[in-house]
Amino acid sequence: MKDPGSFQIHCIIGDITIEKALCDLGSSINLMSLNMIRRMRIEEAKPTRMALQLADRTFKFPHGVVEDLLVKVGEFIFPADFVVLDMEEEANTSIILERPFLATVGAIIDVQKGELVLRLHEEKMVFNIFKSMSYPKEAIGECMMVDTIEQIVQGVLEEEQYERSMELE
1 MKDPGSFQIH CIIGDITIEK ALCDLGSSIN LMSLNMIRRM RIEEAKPTRM
51 ALQLADRTFK FPHGVVEDLL VKVGEFIFPA DFVVLDMEEE ANTSIILERP
101 FLATVGAIID VQKGELVLRL HEEKMVFNIF KSMSYPKEAI GECMMVDTIE
151 QIVQGVLEEE QYERSMELE
């Protein structure tokens with residue numbers, strides 16, 4: 001069985017189409033690249049004193065926060081706040097949508113069926129989160145799986161715990 005801990009969806013913010021917005025259940029903030037903000041012609045991000053610790057344990061300081069951007073997924077539109085980070089981005093993969101966003105959109109993930117359901121009032125949209133990464137632009141409503149490094153991270157954590165326990169002995 002595949003791990004739906006993170007997957008990609010097609011969305012639109014303003015007049016910018018993001019073909020592969022990463023939805024990450026392990027993330028607690030919506031993240032957007034500084035280049036993406038510039039392409040949207042957003043002049044200013046609200047200053048923040050936040051520090052982000054990345055998976056490699058380095059710290060990054062965001063450029064700022066942009067509030068209440070409207071994110072269109074299929075026919076649904078949802079507001080979201082984004083932390084803006086000066087980071088490298090892959091083509092059309094320049095935002096991360098996090099747990100609270102997924103809660104806002106009423107997301108239900110059915111691991112057995114490999115489905116993501118977004119709900120807005122009585123309407124719903126269903127995405128297949130196990131589709132391959134080949135993604136036609138016209139296929140709004142399809143969703144792709146992104147391989148995670150969770151097993152590698154878990155192995156490193158276990159190794160560090162073992163090393164710490166050996167130091168204490």
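Residue numbers 1 to 169, in the UniProt record's numbering, belong to the letters of the sequence shown in order. Every residue, glycine too, gets a C-beta built ideally from N, C-alpha and C.
### Query
Taking the DSSP output, what are the residues bridged to Asp-110?
Glu-115
### Query
When the Cα of Ser-28 is compared with those of Ala-103, Lys-124, Phe-59, which residue comes out closest?
Ala-103
### Task
Can you say whether Lys-113 is buried or exposed, counting buried as having 16 or more other CB atoms within 10 angstroms of its CB?
exposed
### Message
Between the alpha carbons of Lys-60 and Arg-119, how many angstroms are there, rounded?
### Response
34 Å
### When Lys-124, Lys-46, Gln-53 are compared against Glu-67, the one with the closest alpha-carbon
Lys-46
#### Entry: For His-63, the nearest candidate out of Ile-95, Lys-72, Ser-33, Asn-128 (CA to CA)
Ser-33
### Query
Among all the DSSP beta bridges, which residues are the ones paired with Met-32?
Val-84, Ile-95
### Message
Check for me: the beta strand (DSSP E) holding Thr-17 runs from which residue to which?
### Response
16 to 24
### Query
Excluding sequence positions up to five away, which residues of its chain have a Cβ less than 7 Å from the Cβ of Glu-98?
Asp-24, Ser-27, Ser-28, Ile-29, Asn-30
### Task
Compare the C-alpha of Thr-48 against each of Val-126, Ser-165, Pro-100, Val-83 and name the closest.
Val-83
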